[in-house]
Structures are given as C-alpha cells and as structure tokens.
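**Q** Quick one: the structure is below, and I'll ask about it shortly.
In structure tokens form, the structure reads like this:
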C-alpha cells in the first residue's frame, strides 16, 4: 500500500523558518518525481515545488522561489521542504504527492498545517 | 504560464443527475495534459482522470473526461451520494496550475 506521511507543520512567526518532511512507503521512491502542493484555509490547491528522481532538477512556484528549498533522500524514501522567510500568505495545509511523470499527482499524503502568524 | 478557470464555481444537483464541469485554459494545452481531482472536506485530493480522458484505476465508470486544446469537461453520469465534493482540474503542460474548484452540493 502506498503511504505518504507529512510532518513538521507548526505555528511560526512571520520571517521564521520551518522544515517539512514526507516519509513514504509502498512504492519505488527513487523512480518518481515528488511535489509539494498547498491549500490555504478555504481556498484551492496550489503547486509549490517539485524534484526529479535524482534530486538534480527542481522547480518552484514563483512566489516561493528563493525562500523555499525542496530536497530528497532516496535512501530514506523521504522528501523535504525547507521554508524560510515565511509570510502570512504561506499559511496552508502542505501535501506531498507523487508527481507522475512530472505531471499529475497520483498519491497524496494527509497534509500538515503550517500557520504563519504573530 | 497557463491559467485554469473552472465553471461553475458551485452547483446544486440531485442523486442521479448528470453533472458537467468545464475547465478552460488561458492557452492551448499540448498532449491533453489535463487532470481532474476530487476532494472531500478535511481530506487529500484524489486523482480521477489524467491526460484529459484516462480514468484512474478504481475510479467509477460514471466519471468521464473529454476535451482538448483550451476546453475540457468532467462529466458525472448519475450522481451518487459519495460524489458530493469539490472538483479541481490541473494542467501539467509548461506549468502546473489548478482551477479554482467546483463544489458539487446536494440540491
């Protein structure tokens, strides 16, 4: 069974940092692109970042480029999102998802809530 | 970047109804790289259709997708109680962009 489990969400002040993790199982992690997708409270879905199988190619939403960094550890079957200089508008549930093949999102985690507020 | 616009934003329908949701792209989407998702409150989205019309494994046959270029549709033929949810389209050509969602409510 495919499983994706996010963690690391928290309440953080504007300008602060947070690192999200997504642990996976049930599929060959090193074979797939991975993405982070977020959803602000009561709003729609927004793709945030993705990373190629070998970690050598990454893509970002324009509004997070330079502040967020996606990375992965194929040995640990995990993907990460380092979020710096957080803003109120980054408040959202963050989902990790398999990105197949660098396109649509097949499997999703349950999400982790990031709240940016003073 | 391509932008996606769904219509309507919400609709009310009864069990058994045929429901159609439209998704329009700001420019042509090559290779019909368009997906549809269903999301229920407090849950992660679920992939229903990819490549505009390919039904994902396990998705009921009452769901179908069609379209090309800039206009795509999701049709639910015979709405079931489990189908009341919010539906999103997503392009994956050039950039990954979602529509704003269509909430399907019980009439």
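Residue numbers (this note's numbering), protein chains in the order written: chain D, 1 to 118; chain Y, 1001 to 1107.
For every residue, glycine included, the Cβ atom is placed at its ideal position computed from N, Cα and C.
These figures come from a predicted structure and were not determined experimentally.
1) Could you check whether the Cβ of residue 1033 (chain Y) sits closer than 8 Å to any Cβ belonging to chain D?
2) For residue 8 (chain D) and residue 18 (chain D), which I take to be in contact (beta-carbon distance under 8 Å), what is that distance rounded to the nearest angstrom?
3) Ignore the nearest five residues each way along the sequence and tell me which others in residue 1051 (chain Y)'s own chain have a CB closer than 6 Å to its CB.
4) On the three-state DSSP scale, how would you describe residue 29 (chain D)?
5) Taking the beta strand (DSSP E) that residue 59 (chain D) falls in, what are its first and last residues?
6) Residue 65 (chain D) touches chain Y at which residues, Cβ-Cβ below 9 Å?
7) In whole angstroms, give me the CA-to-CA distance for residue 72 (chain D) and residue 51 (chain D).
8) Which chain Y residues are close to residue 95 (chain D), counting only those with a beta carbon under 7 Å from its beta carbon?
9) Using the Cβ count rule (16 or more neighbours within 10 Å means buried), how would you classify residue 1015 (chain Y)?
10) Check whether the Cβ atoms of residue 92 (chain D) and residue 39 (chain D) sit closer than 8 Å, and answer yes or no.
11) What are the boundary residues of the beta strand (DSSP E) that residue 1103 (chain Y) is part of?
12) When DSSP builds the beta bridges, which residues end up paired with residue 11 (chain D)?
13) Secondary structure at residue 73 (chain D), three-state DSSP: helix, strand or coil?
14) In chain order, what residues of the region 1080-1107 of chain Y put their CB closer than 7 Å to some CB of chain D?
15) Report the rounded CA-to-CA distance for residue 31 (chain D) versus residue 1107 (chain Y), giving the unit in angstroms.
16) Between which residues of its own chain and residue 33 (chain D) is the CB-CB distance below 8 Å, once the five residues before and five after are set aside?
17) Could you name the residues of the same chain whose beta carbon sits closer than 6 Å to that of residue 108 (chain D), not counting the 5 residues immediately before and after it, in chain order?
18) Could you check what DSSP says for residue 23 (chain D) in three-state terms: helix, strand or coil?
**A** Based on what the coordinates show:
1) Yes, its Cβ sits closer than 8 Å to a Cβ of chain D.
2) For a cut-off of 8 Å, the C-beta gap from residue 8 (chain D) to residue 18 (chain D) is around 6 Å, short enough to register as a contact.
3) Result list for residue 1051 (chain Y): 1032, in chain order.
4) If DSSP states are grouped into helix, strand and coil, residue 29 (chain D) belongs with the helices.
5) Start and end: 58-60.
6) Within 9 Å Cβ-Cβ: nothing; residue 65 (chain D) doesn't reach chain Y, min ~13 Å.
7) CA-CA distance, residue 72 (chain D) to residue 51 (chain D), rounds to 8 Å.
8) Neighbours of residue 95 (chain D) on chain Y, chain order: 1044.
9) Residue 1015 (chain Y) counts as exposed, since fewer than 16 other C-beta atoms from the protein chains shown sit within 10 angstroms of its C-beta.
10) Pairing residue 92 (chain D) with residue 39 (chain D) gives a Cβ-Cβ distance under 8 Å.
11) For residue 1103 (chain Y), the uninterrupted beta strand (DSSP E) run begins and ends at 1102-1106, by DSSP.
12) DSSP lists D:115 as partners of residue 11 (chain D).
13) Correct three-state label for residue 73 (chain D): strand.
14) Correct list: 1088, 1090, 1092, 1096, 1098, 1100 and 1101.
15) When the Cα atoms are used, residue 31 (chain D) and residue 1107 (chain Y) turn out to be separated by approximately 44 Å.
16) Cβ within range, chain order: 50, 51, 52, 53, 98, 99, 100, 101 and 102.
17) Apart from sequence neighbours up to five positions away, the residues of its chain that approach residue 108 (chain D) with a beta-carbon distance below 6 Å are 95 and 97, ordered along the chain.
18) Three-state DSSP puts residue 23 (chain D) in a strand.
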